[in-house]
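Student:
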Amino acid sequence: MTEGSEIGEMASCVVREAVEDDLDAVSVLAARLVRMHHEWDRERFLKAGPSVEAGYRRFLAGELRQPSSLVLVAVTPSGRVVGYAFGRLEPRNWEMLMDDSGVLHDVFVDDSARKGGVGAKLVLGFVERMRARGAQRVVLHTAAQNAAGQALFKKLGFRVTMYEMTL
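Numbering of the sequence shown is given in numbering that gives the first Met the number 0, commencing with residue 0 and proceeding in unit increments.
1. Going by Cα to Cα distance, which pick from V13, S11 and V25 is closest to D105?
2. Can you tell me whether DSSP reads T1 as helix, strand or coil?
3. Can you list, in chain order, the residues of its chain with a C-beta nearer than 6 Å to that of A84? Leave out the 5 residues immediately preceding and following it.
4. Which residue from S111, L32 and Q135 puts its Cα closest to that of N145?
5. What does the alpha-carbon distance come out to for the pair M95 and Q65?
6. Buried or exposed: where does G3 fall if 16 or more other Cβ atoms within 10 Å of its Cβ makes it buried?
7. Considering only C-alpha positions, which residue in the set V14, A30 and E42 is nearest to L166?
8. If you reduce the DSSP assignment to three classes, tell me which class N145 lands in.
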């Protein structure tokens, strides 16, 4: 595949709700997300052992059955999963001082699909579906080191409201 055709394929990715058959591919991406976070801050983020893919697959399989959860995948026309997003519609949370909200917990795009709009499609797809479920707002957390993600989220209209601090 040439670079131009690969960019075209990424631009024509479809974002849809994940199904069980997607979870092998999603769990590989999720494990890369875990490992990336651990590399950024080994004291804050859990260490991903050799079974993190299997653990994430089991976790997301359970989430697919939860009505409050949403797992999205970005799929190329050739059928390759190149990104995913995971979150939930969560009730009022007194600890976080938030009313009912859509909470985007994970978004990850394969290196081959970055800078092609896939991340934006996943985030906007998540926001759209959460609003359809009644969420008045969507919140997310992003690693302090994730400058590219922060830039994308700001471009899509998110604003900084909290800082997490770890001791």
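We treat Cβ as the ideally placed atom computed from N, Cα and C, and that holds for glycine.
Tutor: Considering the structure as presented:
1. Working through the sequence shown from its first residue, we reach residue 105 at position 106. Closest option to D105, Cα to Cα, is V25.
2. Position 2 of the sequence shown holds residue 1. Its pLDDT being 46, under 50, T1 is placed unreliably by the model, and nothing is read from it.
3. Residue 84 sits at position 85 when you count from the first residue of the sequence shown. L71, V106, L121 and F125.
4. Position 146 of the sequence shown, counted from the start, is the residue given in the question as residue 145. Of the candidates S111, L32 and Q135, the one whose C-alpha sits nearest the C-alpha of N145 is L32.
5. Locating residue 95 in the sequence shown gives position 96, where the first residue counts as 1. Locating residue 65 in the sequence shown gives position 66, where the first residue counts as 1. Those two C-alpha atoms are separated by around 22 Å.
6. Here residue 3 is taken as the residue at index 4 of the sequence shown, counted from 1. Because the pLDDT of G3 is 46, which lies under 50, any placement of that residue in the model is unreliable, and the question is left without a value.
7. Walking along the sequence shown from the start, residue 166 turns up at place 167. Of the candidates V14, A30 and E42, the one whose C-alpha sits nearest the C-alpha of L166 is E42.
8. As a first step, residue 145 must be located in the sequence shown, where it is residue number 146. In the three-state reduction of the DSSP assignment, N145 falls in the coil class.
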